[in-house]
Amino acid sequence: MTLDDARAAYERLRAAHLSTVRASMEDHVERLDWPRERIERYQTERLRSLLAFARARSPFHAARLADVEPTTATVADLARIPPMVKQEAQDRWDEIVTVPDIDRAGAERVLADQRWFSYTPSDLQVFSSGGSSGVRGVYVWGWEQFVTLACLAWRWQARAERRSETEPGPARLAVLEAGEPPHASTPLFDVATEAGMQTVVIPAAAPFEQVLHAVARAQPTHLVGYASVIGRLARAASAGDLTIRPVRVSTNSEPLSDEDRDAIAEAWGAPVHNLWGSTEIGVQAVGCGEGDGLHICEDEVILERVDADGRPVGPDEPATRTLATGLAGRAFPFIRYDLGDEVAILSGRCACGSAMRRVADIAGRRDDDFRYGDCMVPASAFRYVLGTDPRISEYQVRQTENGADVLVVGSPDVPSVVAALVSSVRPFGLDHAEITVGVVDRIARHASTGKLRRFIPLAG
Ligand SMILES: [Zn+2]
41 MTLDDARAAY
51 ERLRAAHLST
61 VRASMEDHVE
71 RLDWPRERIE
81 RYQTERLRSL
91 LAFARARSPF
101 HAARLADVEP
111 TTATVADLAR
121 IPPMVKQEAQ
131 DRWDEIVTVP
141 DIDRAGAERV
151 LADQRWFSYT
161 PSDLQVFSSG
171 GSSGVRGVYV
181 WGWEQFVTLA
191 CLAWRWQARA
201 ERRSETEPGP
211 ARLAVLEAGE
221 PPHASTPLFD
231 VATEAGMQTV
241 VIPAAAPFEQ
251 VLHAVARAQP
261 THLVGYASVI
271 GRLARAASAG
281 DLTIRPVRVS
291 TNSEPLSDED
301 RDAIAEAWGA
311 PVHNLWGSTE
321 IGVQAVGCGE
331 GDGLHICEDE
341 VILERVDADG
351 RPVGPDEPAT
361 RTLATGLAGR
371 AFPFIRYDLG
381 DEVAILSGRC
391 ACGSAMRRVA
401 DIAGRRDDDF
411 RYGDCMVPAS
421 AFRYVLGTDP
431 RISEYQVRQT
441 ENGADVLVVG
451 SPDVPSVVAA
461 LVSSVRPFGL
471 DHAEITVGVV
481 DRIARHASTG
491 KLRRFIPLAG
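Taking the numbering used here, the leading residue of the sequence shown gets 41, the next gets one more, and so forth.
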């Protein structure tokens, strides 16, 4: 099959899928204004359904769920199930998957043979991602699961647009994601939420000049994409290098830094919907564009903040890990899956009126921090200097024995950046840090995902 044929075959089935997404959106938008009791009642029944299904269809989960009675289980009972980690999920793939006609070898064949994104004969989509943990993951999403995840990714934006006073005109969404298989980001975010909305996919891993020109040509009314790419576009707009007027911006796949959020506000003043997701769970939480933080998708995801032993902690207590249970994921159930991110719960009702609880903005993964002997230097110590210099548009920090080698794109005053970095890391115990700053034309992004790895710790 040629690439064009593969794309055409995929798009025919995907058109059916996207119509289902738009139909389901009505229900999903309403859920955002459900009262607490209704959210919890729904969540509990969805959990019981997932546990019963996983126990019946997955040998891996059957063993883990031996002490739990699915028909009467509540969220509190999850604490009796051991956490699930990435390596284990990938090593025991064939015991976890619940779909009879696919196994790990079959999923690998789909990835190796497909010319473009594709559906299996049983309407699964197979994705893969490396992730910052370094463990390659292979994932399957079922038909209904994708419908739910796409609604989770887009329902806050749909609700905000329906509430807004302005008459909707022709809408065009620029999608700045991986742009190609095997990463799930393009199918998940290249979604026209209203009939008549156009979408334009612009691969985020392309050289920035190309991305900039493609976005200028597209003249999007809506933007969705990697947080660092949208932040850089916003800085280009403020510098006069890009003239577009997006009315709504959605960011994902990377932590949204304060400096990128500020740059978007300054350039366009558009509401920002930040999304926290993973290929395993899909979408964990999304910002409503009004209040602080991100609303947890509580109807479809259960998040548990736990201590080092996997025991749940109270909302005000510090947690070391976040475990997620994806209620929509039946093909390959993730139950108490360790996401590797730390989250803080925000108290109080959001200004938007939704009773869905919120987490604070995700600051980034723990492995963004650099350890030097006994001292730990947080990524923010570097970000504070590099992310706020208007003459730096992109950067990458590679840890060294006694400091860091930094690559920057732009035209900064190198000696003063070095001095600022040395004094920024000193309070964390790193005296006399050895820091170099090199100016480069571009920083390589991950070849298939397009993500920029801003912080690279010393191996080991
Ligand atoms: Zn809100």
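Using N, Cα and C, we set each Cβ at its ideal position, and we do this for glycine too.
Tryptophan 133 places its beta carbon 9 Å or farther from that of arginine 149.
Within 10 angstroms of the beta-carbon of threonine 111 lie fewer than 16 other beta-carbons, which makes it exposed. Leucine 367 and glutamate 340 have their alpha carbons spaced roughly 5 Å apart.
Residue environment for proline 222: buried (at least 16 other C-beta atoms within 10 angstroms of its C-beta). Those residues that bring their Cβ nearer than 6 Å to a heavy atom of ligand 1 are Cys328, Glu330, Gly331, His335, Cys390, Cys392, Ser394. Contact between valine 477 and valine 448 is confirmed by a C-beta separation of about 6 Å, below the 8 Å threshold. When beta bridges are read from the DSSP output, histidine 68 appears opposite no residue. When DSSP states are grouped into helix, strand and coil, alanine 96 belongs to the helix group. Judged by their CB atoms, histidine 101 and arginine 195 are not nearer to each other than the 9 Å cut-off. Boundaries cannot be given for alanine 348, as no beta strand (DSSP E) includes it and DSSP labels it neither H nor E. Phenylalanine 229 carries a helical assignment under DSSP once its states are collapsed to helix, strand and coil. Scanning Pro140, Arg176, Val178 for the CA closest to the CA of serine 162 turns up Pro140. Taking the CA atoms as reference points, aspartate 332 sits about 14 Å from tryptophan 316. In the displayed model, tryptophan 316 falls within a strand according to three-state DSSP. If you draw a straight line from the Cα of serine 290 to the Cα of histidine 313, it is about 5 Å long. Bridge pairing for valine 454: absent [DSSP].
Per DSSP, isoleucine 304 is one residue of the alpha helix (DSSP H) stretching across 298-308.
Across the structure, alanine 214 and alanine 103 are spaced so that their CA atoms are roughly 45 Å apart. For phenylalanine 410, the uninterrupted beta strand (DSSP E) segment begins and ends at 410-412. Only residues of its own chain outside the window of five on either side were considered, and among them none has a CB closer than 6 Å to the CB of arginine 62. Cysteine 191: member of the alpha helix (DSSP H) spanning 183-203, first to last residue. In the three-state reduction of the DSSP assignment, aspartate 44 falls in the helix class. In the structure shown, arginine 288 falls within a strand segment according to DSSP collapsed to helix, strand and coil. By the Cβ-count criterion, alanine 459 is exposed, with fewer than 16 other Cβ atoms from all chains shown falling within 10 Å of its own Cβ.
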